[in-house]
Every structure is written in C-alpha cells, then in structure tokens.
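Take the sequence shown: its letters are residues 7 to 112, numbered as in the working numbering.
We treat Cβ as the ideally placed atom computed from N, Cα and C, and that holds for glycine.
Since this is a predicted model, take the numbers as computed values, not measurements.
Step one of this worksheet: look at the structure below.
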Amino acid sequence: MVASRSARERKAAAQGGPLARVKIDLDAEQQFVYKISCSSCRAKGHRAWSTYRPGEDNGFMAAMDRWTFHLVEKHPDSEAPCLAFLSEAQQRLHERREGVVPEAGS
Ligand SMILES: [Zn+2]
7 MVASRSARER
17 KAAAQGGPLA
27 RVKIDLDAEQ
37 QFVYKISCSS
47 CRAKGHRAWS
57 TYRPGEDNGF
67 MAAMDRWTFH
77 LVEKHPDSEA
87 PCLAFLSEAQ
97 QRLHERREGV
107 VPEAGS
C-alpha cells in the first residue's frame, strides 16, 4: 500500500512536470486522494493553486486534467509530459460537462 502510494506520487509528479507538487493522502475509507499544487504560483505569493481529487485512477486522471488546464492557462511556456494529453483532457472535460463549457476554437 505504502509502496504503491509513493510510486503513484512519483508517476504523477513525473507527468505533471517541474512545477507540480504531488501528494497522495488517504481519506477516511483509505482511498487515495490526489493533491497537486503549483510551486510557481506558491513562490509568487499568490494563493497557491491546487486541486484535490479522491479516487484511484479516476482521481488521478481528474487531478491531472485539472493540472494540465492550469499549466496551459497560467504557465503556457512550461513543459510537462501531461501536456501531451491536453486534447484527451479537454475531451474528458467535455464529456463530464456536456454542453456547459463552450471550448475555444470549436
Ligand atoms: Zn501555477
């Protein structure tokens, strides 16, 4: 359990790129809760951006999608492996909130 938790933390941190600070907590049901925060926003003294998503792979995906959108919006010059999945993330966002969020450029 502990090993797989830290392995998941490393995997998420690697995908999130140099600005991502990933932490996995356990909730009351011993489920993983993914927390990704932005070291750049924190360093600038802004209210630290972070996303907090419970669940195993679903939580990982949802947190990583939110993180990807944050990078695109606030740190467009940054590099991160998760940016390769931006279009998939947008697709998932679309499926979750069908018709609610109009996507730019469509
Ligand atoms: Zn940021």
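Short check: CB of residue i to CB of residue j, under 8 Å?
i      : j      : result
Trp-73 : Ala-26 : yes
Val-39 : Gly-23 : no
Gln-37 : Gly-61 : yes
Leu-77 : Ala-86 : yes
Ile-30 : Arg-11 : yes
Ala-18 : Ile-42 : yes
His-81 : Ser-46 : yes
With DSSP as the reference, label residue i as helix, strand or coil.
i       : result
Asp-83  : coil
Ala-34  : coil
Arg-27  : strand
Arg-102 : helix
Give every residue of the same chain whose Cβ lies closer than 7 Å to the Cβ of residue i, excluding the five residues on either side of it in the sequence, and list them in chain order.
i      : result
Asp-71 : Ala-95, Arg-98 and Leu-99
Ser-93 : none
Ala-20 : Pro-87
Ser-84 : Gly-23, Leu-25 and Leu-77
Within the same chain, show all residues whose beta-carbon is closer than 8 Å to that of residue i, passing over the 5 residues directly before and after it, in chain order.
i       : result
Leu-89  : Gly-23, Thr-74, Leu-77 and Val-78
Arg-102 : none
- Message: Considering only heavy atoms of ligand 1 and the C-beta of each residue, which residues fall inside 6 Å, strictly closer?
- Response: Cys-44, Ser-46, Cys-47, Trp-55, His-76, Lys-80 and His-81
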